[in-house]
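Peer 1: Can you keep this structure in mind? I'll have questions shortly.
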Amino acid sequence: MEVVITDHPEQVMADIIAGAVTDGATTLGLATGSSPLPTYRELIRRHREDGLSFAGVKAVLLDEYVGLPPTHPESYARFIRENFTDHVDIGDVYSPDGMDPDYRAAALNYDALIKEVGPVDVQILGIGSNGHIGFNEPSSALTSRTRIKTLTEKTRQDNARFFDDDLDQVPMHVITQGLGTICEARHLALVATGEGKADAIAVAVEGPLSAACPASILQWPPHATVVVDPAAASKLRDYDYYRYVYENKPENQRS
Ligand code: F6R
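What the sequence shown shows, in UniProt numbering, is residues 1 to 255, in sequence order.
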């Protein structure tokens with residue numbers, strides 16, 4: 001796992017994604033929430049100004065709220081269209097069907113779809129303040145597949161800001177890619193900014209690999225990058241070491 005501490009996480013993330021696309025990536029894994037927004041803005045800018053093209057690339061979302069149709073302002077299907085995919089020349093964009101009353105079938109179908117259109121070349125991730133990735137809340141099995149999950153109160157409170165600060169409007173359930181599903185991506189790239197993520201990042205990066213912190217699964221696959229600003233990195237014990245490694249990274253490993 002590589003830890004990149006930078007004042008410009010969106011540039012490092014955009015370099016990872018643009019590099020993969022330029023090298024022939026065909027499937028991107030997209031996260032929603034506020035963390036990847038600056039990255040999406042930067043990718044849109046590069047598309048408009050620098051000719052970065054997503055032609056021939058498909059995208060799969062990590063998760064979706066149960067009970068929100070894709071037209072709902074806070075559905076993740078709509079969020080990603082508004083904030084990224086409608087602004088670039090990307091191909092099909094898939095997300096779990098949060099409206100299918102047979103949640104189990106919807107989850108299994110989505111997992112099968114990812115196998116069909118995958119493997120995901122780069123999976124973008126954010127991290128919850130409780131260490132979740134996707135909506136794999138603490139205690140999620142480390143090999144879990146796409147399934148329905150119940151959000152913790154903490155996650156619902158964190159996300160209430162998107163729902164007029166009205167907790168009652170925040171759905172209780174989601175369909176999320178499992179940790180096992182996510183780890184099948186060729187490259188996991190997690191972005192986190194701000195002090196509010198510092199505890200979660202410290203446990204994910206330097207704590208034990210444990211279902212208590214689902215993001216600690218990034219310690220397992222061969223290619224994972226954690227891109228953080230100094231505030232989100234502030235509780236890392238080996239802060240200086242990560243900076244040293246990144247500064248001295250061999251030129252031919254910079255991808
Ligand atoms: C959303 C997702 C979540 C978020 C996490 C952080 O698709 O997968 O894991 O990445 O809840 O959310 P923000 O970035 O809003 O702090």
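Built from N, CA and C at the ideal position, the CB exists for glycine as well.
Please determine if the region 19-29 and the region 194-203 are in contact, where contact requires at least 3 C-beta pairs separated by less than 8 Å.
Peer 2: By the criterion of at least three beta-carbon pairs nearer than 8 Å, the region 19-29 is not in contact with the region 194-203.
Peer 1: So does Tyr76 have its beta carbon nearer than 8 Å to some heavy atom of the ligand F6R?
Peer 2: yes
Peer 1: In whole angstroms, what is the alpha-carbon distance linking Tyr40 and Thr143?
Peer 2: Cα-Cα distance, rounded: 29 Å.
Peer 1: Between the C-alpha atoms of Asp166 and Tyr244, what's the straight-line distance to the nearest angstrom?
Peer 2: 44 Å
Peer 1: Is the beta carbon of Asn159 within less than 8 Å of some heavy atom of the ligand F6R?
Peer 2: yes
Peer 1: Taking only the alpha-carbon atoms, compute the straight-line gap between His8 and Val226 and give it to the nearest angstrom.
Peer 2: 13 Å
Peer 1: Exposed or buried, what is His132 when buried is set at 16 or more other beta-carbons lying within 10 Å of its beta-carbon?
Peer 2: Classification for His132: buried.
Peer 1: Under the assumption that Thr6 contacts Asp240 (Cβ atoms under 8 Å), give the Cβ distance between them as a whole number of angstroms.
Peer 2: With 8 Å as the limit, Thr6 and Asp240 do not qualify as a contact, their Cβ atoms being about 14 Å apart.
Peer 1: At a threshold of 8 Å, does Ala105 count as lining the ligand F6R (C-beta to nearest heavy atom)?
Peer 2: No, Cβ of Ala105 sits at least 8 Å from all heavy atoms of the ligand F6R.
Peer 1: For Ala200 and Ser129, which I take to be in contact (beta-carbon distance under 8 Å), what is that distance rounded to the nearest angstrom?
Peer 2: 6 Å
Peer 1: Between the Cα of Trp220 and those of Tyr76, Leu236, Asn252, Ala185, spot the shortest distance and give me the residue it belongs to.
Peer 2: Ala185
Peer 1: Please identify the residue among Ala18, Glu49, Pro73, Met1 whose C-alpha is closest to the C-alpha of Thr32.
Peer 2: Pro73
Peer 1: Grouping DSSP H, G and I as helix and E and B as strand, with all else coil, what is Asp92?
Peer 2: coil
Peer 1: What runs of the beta strand (DSSP E), each 3 residues or longer, lie entirely inside the region 34-108?
Peer 2: 58-61, 63-65
Peer 1: For Ile127, which three-state DSSP category applies?
Peer 2: The three-state reading of DSSP puts Ile127 in coil, since its state is none of H, G, I, E or B.
Peer 1: By how many angstroms is the C-alpha of Pro38 removed from the C-alpha of Met172?
Peer 2: Taking the straight line joining both Cα atoms gives about 27 Å.
Peer 1: Which whole runs of the alpha helix (DSSP H) in the region 128-160 are 4 residues long or more, in chain order?
Peer 2: 153-159
Peer 1: How many Å lie between Gly91 and Val120 at the Cα?
Peer 2: Near 14 Å, if we compare the C-alpha coordinates of Val120 and Gly91.
Peer 1: Does the distance from the C-beta atom of Asp63 to that of Phe162 stay below 9 Å?
Peer 2: Cβ atoms of Asp63 and Phe162: not closer than 9 Å.
Peer 1: Under DSSP, the beta strand (DSSP E) around Ile175 begins and ends at which residues?
Peer 2: 173-176
Peer 1: Among His47, Tyr110, Asp164, His87, which one has its Cα closest to the Cα of Gly19?
Peer 2: The shortest Cα separation from Gly19 among His47, Tyr110, Asp164, His87 belongs to His47.
Peer 1: Taking its Cβ as the centre, do 16 or more other Cβ atoms sit within 10 Å of Arg237, making it buried, or is it exposed?
Peer 2: Per the 10 Å Cβ criterion, exposed.
Peer 1: For Tyr103, I'd like the list of residues in its chain whose CB is within less than 6 Å of its CB, leaving aside the five on either flank, ordered along the chain.
Peer 2: Ile148
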